[in-house]
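Going line by line, the protein sequences match chains A and B. What the first sequence shows, in this note's numbering, is residues 1 to 672, in sequence order. What the second sequence shows, in this note's numbering, is residues 1 to 98, in sequence order. Written out below as structure tokens is the structure these notes cover.
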Amino acid sequence: MTGRSPSGRGQKPAGDKASDAPRTFALVGNPNSGKTTLFNSLTGLRQKVGNYPGVTVERKEGVCYGQHGETYRIIDLPGSYSLHVHSPDEEVLRDVLLGRRSDTPAPDAVICVADASNLDRHLYLVSQVVELGLPTIVVLNMMDIAESREIAVDAKALAEELGVPVIPMQANTREGLVELRLAMSRTDLPAGKHRVALPGSVPAEIAMDRSQLYLCECGKPLQKDLIDPAAWQDEVIATRYAEVDRLCATATRHGERPRLSTTDRIDRWLLHPFFGPAGVCLVLGLLFYLVFAAAEGPMHAIEGLFTWLANLVGGILPAGDFHDLVTDGIIAGVGGVLVFLPQIFILFFIIGLMEDTGYLSRVAFIMDRIMGMVGLNGRAFIPLLSSYACAVPAIMGARTIDNPRDRLVTILVAPWASCSARLPVYLLLLPLLVPGKHQFLALAGLYGLGTAGLMLFAWIFSRFLGRGNAMPAVIELPGYKRPDWHSILLQVWHRVRLFIRRAGTVILAVSILLWVVQTYPKAPQLEKAAQLEQSYAGRLGKTIEPVIAPLGFDWKIGIGLLASFAAREVFVSSMSISYSIQEEDEDIGLRKLREKFSEARRPDGTAVFSPLVCLSLLVFYVFALQCVSTVAVVRRETNSWRWAGFQFFWMTGSAYLASLLVFQIGRWLGFS
Amino acid sequence: MSNYVLMRLNRNSALAGVGFCTVSDLSPGCEGVISGFLNRDVALRRFREMGLVEGTGVRVVRKAPFRGAIEIAVRGARLSIRNEAASQIAVRLVGELE
């Protein structure tokens with residue numbers, strides 16, 4: 001670990017006017033404390049969202065102005081229940097607070113947010129933070145909810161106990177914001193004086209410097225002569241909670257509690273053994289419909305816009321290599337990135353809405369049993385479902401899963417769900433395999449096969465990846481609340497921007513590369529099909545023919561497979577070029593392509609697209625990861641090419657194996 | 001219930017002599033006071049840190065069907081925990097509400 005010693009940092013006075021850098025506040029709080037809402041109301045659009053280097057933890061920073069116009073920097077740290085580290089998110093929280101990260105300056109002061117209606121749990125983290133000895137402001141958020149639950153909170157008494165300013169607030173209505181800004185402007189912001197008396201079993205070295213409490217890991221004493229922290233940490237937790245209970249007794253007064261809160265009344269229906277799952281099906285059906293169908297219009301519009309743009313620019317530029325690069329490479333590539341936006345927008349809007357109102361946790365509660373069977377978290381359900389529309393937003397949506405192992409497994413298995421880009425390929429090939437009415441069943445079978453693969457690999461991966469990191473799946477079921485549209489839209493905006501900036505650049509680069517290998521070397525005298533054959537892609541297709549021949553594929557299919565990496569549906573257009581189909585109308589073009597397929601013969605006179613080859617090809621498409629965008633997003637979300645490569649290897653490997661088995665066993669059984 | 005508790009008592013001799021059952025044994029509406037955890041797994045520390053310490057009252061609000069997640073009320077909050085985890089939290093029965 002790099003960084004300064006935590007004790008050395010206290011020398012910098014809170015209101016150091018000598019330094020030019022703006023004062024930095026760290027924003028900490030439990031999940032569901034309304035921390036994000038407060039961050040948004042303090043900073044508005046003056047936010048920077050990124051990643052902490054080396055880990056998949058979102059880094060949020062913003063600029064805020066004090067009551068007298070001063071500039072402050074605010075670091076929104078990941079929500080946590082404790083400073084004891086269980087996950088990478090919490091490690092970032094601890095290390096930033098203690099000034100141990102070289103990429104983030106140690107905060108000058110801390111704003112600690114707690115839910116006023118739930119102080120008997122939230123004061124736990126507050127007491128840990130106050131003990132660190134940094135100048136601190138405690139914010140009691142959701143005072144309105146506390147009031148509705150007949151809980152009277154005495155902020156003054158609490159401030160006296162903790163020795164730091166305590167500010168009652170309703171972040172969603174911005175009540176208390178002025179008081180917070182005034183407190184932030186204080187140059188004499190006091191450091192907390194409150195300390196929980198540690199039990200005698202805690203080694204003296206650790207009791208001296210409270211930050212040491214969070215630096216020692218169980219089973220790994222800091223020094224050889226120290227006792228394993230496991231021996232005394234449980235005692236520390238119990239002592240701290242005893243103190244929390246005492247603080248609550250002095251600072252809060254509970255009135256007559258209503259027997260059933262509004263949340264209870266809603267949950268009676270939404271978590272009902274029958275109506276609960278029914279409601280989940282309904283909501284998810286709607287979500288699926290919107291991501292699948294409602295996004296179609298805008299996606300077509302974006303595609304149309306870029307086709308128009310390509311024609312427009314193509315008309316201006318003189319014909320030649322540069323013309324083709326701009327129209328077919330760059331403009332088509334940018335279009336290929338932006339075409340994801342409607343789906344990403346819709347998915348994140350709905351997930352955000354569900355998360356903000358509190359319904360997402362209920363879905364997780366209901367689905368937990370089923371997801372648990374394959375070793376996943378209830379929260380993985382929504383990203384995995386939306387993966388049937390497109391894996392790209394689904395993988396980004398896995399961020400709602402707080403357990404890092406479950407998040408990774410969800411990201412790794414999501415592309416096994418048959419996404420909408422596979423559908424054109426299925427629809428092209430199925431009529432060649434199954435005639436007539438049974439196509440629908442066969443289509444359902446392909447989706448089922450993909451789902452089975454997803455579940456099988458979820459089970460395998462969750463067993464063998466990061467077993468040491470197992471955390472009990474605890475889901476907090478917060479009270480229902482009205483959605484905060486401002487926060488939701490801001491969140492969607494950050495996601496969209498991140499997608500374009502990080503994943504978009506990779507997708508664009510690879511799209512251009514794929515265009516290059518299909519276009520060069522140029523042979524203008526040849527017609528399109530022959531030109532494709534002698535291009536780098538065609539040569540590559542022929543090179544890989546020995547590898548894919550055992551699956552029943554010839555080199556033309558090989559080109560289609562390679563072209564599919566831009567997006568799977570490109571298979572159709574690439575095959576159309578290979579088989580010289582020139583048809584404006586899509587349906588007629590498909591039919592003609594299918595006719596050509598059924599007529600196509602190998603040199604030895606056997607059919608290229610025999611039913612068995614079609615089945616093998618379909619199975620390959622069900623399993624294989626042929627999507628640059630997915631690889632780029634996985635690389636971004638896991639922060640490493642390693643996991644992207646791992647996923648590519650497993651998916652494409654399983655596809656190869658499955659197709660090989662289908663084709664070879666089929667042939668052995670006498671099918672053709 | 002008593003047979004079940006006895007069976008557990010035999011299995012966990014360390015806790016023998018203390019009449020107890022676990023959160024997963026409670027039916028919805030039942031309330032208990034946490035008396036301890038059945039193993040020293042580090043993962044269970046997360047429960048303690050969320051306020052499930054010895055002496056804290058726990059009420060089972062509802063159980064999802066097929067031994068699914070269990071919703072508990074603890075310290076004024078609602079948490080959903082898995083059945084396996086709930087069977088690690090020992091409680092003393094307090095009484096039935098509602």
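We treat Cβ as the ideally placed atom computed from N, Cα and C, and that holds for glycine.
Spatial neighbours of residue i in its chain, beta-carbon cut-off 8 Å, leaving aside the 5 residues before and after
i	result
residue 468 of chain A	The predicted position of residue 468 of chain A is uncertain, since its pLDDT is 47 and thus under 50; no value can be drawn from it.
residue 72 of chain A	22, 23, 24, 25, 63, 64, 65, 66, 184
residue 475 of chain A	361, 364, 365, 368, 378, 379
residue 520 of chain A	535, 536
Within chain A, the residues that residue i reaches when beta carbons sit closer than 9 Å
i	result
residue 79 of chain B	474, 475, 476, 477
residue 29 of chain B	Result: empty, since nearest Cβ-Cβ is about 12 Å, beyond 9 Å.
Inter-residue spacing [alpha-carbon to alpha-carbon] between residue i and residue j
i	j	result
residue 555 of chain A	residue 566 of chain A	18 Å
residue 269 of chain A	residue 260 of chain A	13 Å
residue 310 of chain A	residue 507 of chain A	18 Å
residue 84 of chain B	residue 35 of chain B	17 Å
residue 673 of chain A	residue 381 of chain A	Outside the shown range of chain A, which is 1 to 672, sits residue 673 of chain A, and nothing can be said about it.
residue 726 of chain A	residue 575 of chain A	The requested residue 726 of chain A is not part of the displayed model; chain A covers only 1 to 672.
residue 298 of chain A	residue 492 of chain A	17 Å
residue 165 of chain A	residue 511 of chain A	55 Å
residue 275 of chain A	residue 265 of chain A	14 Å
residue 335 of chain A	residue 27 of chain A	38 Å
residue 438 of chain A	residue 400 of chain A	39 Å
residue 101 of chain A	residue 52 of chain A	10 Å
residue 340 of chain A	residue 535 of chain A	29 Å
residue 376 of chain A	residue 455 of chain A	9 Å
residue 188 of chain A	residue 84 of chain A	29 Å
residue 143 of chain A	residue 57 of chain B	24 Å
residue 712 of chain A	residue 74 of chain A	There is no way to answer for residue 712 of chain A, as the model of chain A reaches only from 1 to 672.
Any non-hydrogen atom of the ligand FAD within 7 Å of residue i CB
i	result
residue 44 of chain A	Among the components of this structure there are no ligands whatsoever, and the ligand FAD is therefore not found.
Beta-carbon proximity list for residue i, same chain, < 7 Å, skipping 5 on both sides
i	result
residue 624 of chain A	651, 652, 655
residue 240 of chain A	124, 127, 196
residue 291 of chain A	343, 346, 347, 386, 389
residue 570 of chain A	563, 564
residue 303 of chain A	335, 339
residue 95 of chain A	101
residue 130 of chain A	136, 162, 164, 192, 194
Own chain residues within Cβ distance below 6 Å of residue i, not counting five before or after
i	result
residue 248 of chain A	119, 120
residue 67 of chain B	83
residue 610 of chain A	672
residue 242 of chain A	none
residue 682 of chain A	Summary: the structure shown does not reach residue 682 of chain A, with chain A confined to residues 1 through 672, and so no result is reported for it.
Chain B contact residues for residue i, given Cβ-Cβ distances below 7 Å
i	result
residue 273 of chain A	65
residue 689 of chain A	Because chain A here runs from 1 to 672, residue 689 of chain A falls outside it and cannot be looked at.
residue 365 of chain A	64, 69, 71, 80
residue 214 of chain A	Chain B residues near residue 214 of chain A: none, gap ~12 Å exceeds 7 Å.
residue 241 of chain A	51, 53
Chain B residues whose Cβ lies nearer than 8 Å to that of residue i
i	result
residue 233 of chain A	45
residue 206 of chain A	In chain order: nothing, as chain B lies at least about 17 Å away.
residue 124 of chain A	49, 51
residue 726 of chain A	The requested residue 726 of chain A is not part of the displayed model; chain A covers only 1 to 672.
Per-residue contacts from residue i into chain B (C-beta, under 9 Å)
i	result
residue 345 of chain A	Residues of chain B passing the Cβ test: none, with the nearest at roughly 29 Å.
residue 237 of chain A	45, 48, 49, 53
residue 369 of chain A	64, 65, 66, 67, 68, 69, 82, 83
residue 359 of chain A	Result: empty, since nearest Cβ-Cβ is about 13 Å, beyond 9 Å.
residue 81 of chain A	46, 49, 50, 51
Partner residues on chain A for residue i, Cβ-Cβ distance less than 7 Å
i	result
residue 75 of chain B	120, 121
- request: Could you tell me whether the segment 603-618 of chain A touches the segment 411-430 of chain A, using the rule of 3 or more Cβ pairs below 8 Å?
  value: Touching, yes.
- request: List in chain order: all unbroken alpha helix (DSSP H) runs of 4+ residues lying wholly within the segment 272-343 of chain A.
  value: Counting only runs that start and end inside the segment 272-343 of chain A, the alpha helix (DSSP H) elements of at least 4 residues fall at 275-289, 296-316, 321-324, 332-338.
Contained beta strand (DSSP E) runs [length at least 3] in the segment 137-203 of chain A, N- to C-terminal order: Whole beta strand (DSSP E) segments, 3+ residues: 151-153, 166-168.
Beta strand (DSSP E) segments (min. 3 residues) lying fully within the segment 45-88 of chain A: Here the runs fully enclosed are 47-51, 58-65, 71-76.
query: On the three-pair Cβ rule with 8 Å, is the segment 133-145 of chain A touching the segment 29-43 of chain A?
result: With a cut-off of 8 Å, the segment 29-43 of chain A and the segment 133-145 of chain A count as touching, because enough Cβ pairs lie within range.
Entirely enclosed beta strand (DSSP E) segments - the segment 527-605 of chain A, minimum 3 residues: Runs found: none.
- prompt: Quick one: complete alpha helix (DSSP H) runs, 4+ long, within the segment 392-475 of chain A?
  reply: DSSP runs (the alpha helix (DSSP H)) wholly in the segment 392-475 of chain A: 404-413, 423-433, 439-464.
- prompt: Using 8 Å as the threshold, is the segment 287-302 of chain A in touch with the segment 388-406 of chain A, meaning 3 or more CB pairs across them?
  reply: Contact check between the segment 287-302 of chain A and the segment 388-406 of chain A: three or more CB pairs, one atom from each, fall below 8 Å, which counts as touching.
Cβ contact check for the segment 509-529 of chain A and the segment 320-338 of chain A: 3 or more pairs under 8 Å: Enough Cβ pairs lie closer than 8 Å, so yes.
query: Would you call the segment 191-207 of chain A and the segment 173-181 of chain A touching, i.e. three or more CB-CB distances under 8 Å?
result: The segment 191-207 of chain A, when compared against the segment 173-181 of chain A, does not touch it at the 8 Å Cβ threshold.
message: For the pair the segment 56-73 of chain B and the segment 363-375 of chain A, tell me if three or more CB-CB distances fall below 8 Å.
response: A contact exists between the segment 56-73 of chain B and the segment 363-375 of chain A.
task: Would you mind listing the beta strand (DSSP E) stretches within the segment 480-534 of chain A that are 3+ residues and don't spill past its ends, in chain order?
output: Runs found: none.
- request: Return the chain-ordered ranges of every beta strand (DSSP E) run that is complete within the segment 17-79 of chain B and spans a minimum of 3 residues.
  value: Qualifying beta strand (DSSP E) stretches, in chain order: 30-37, 57-63, 70-74.
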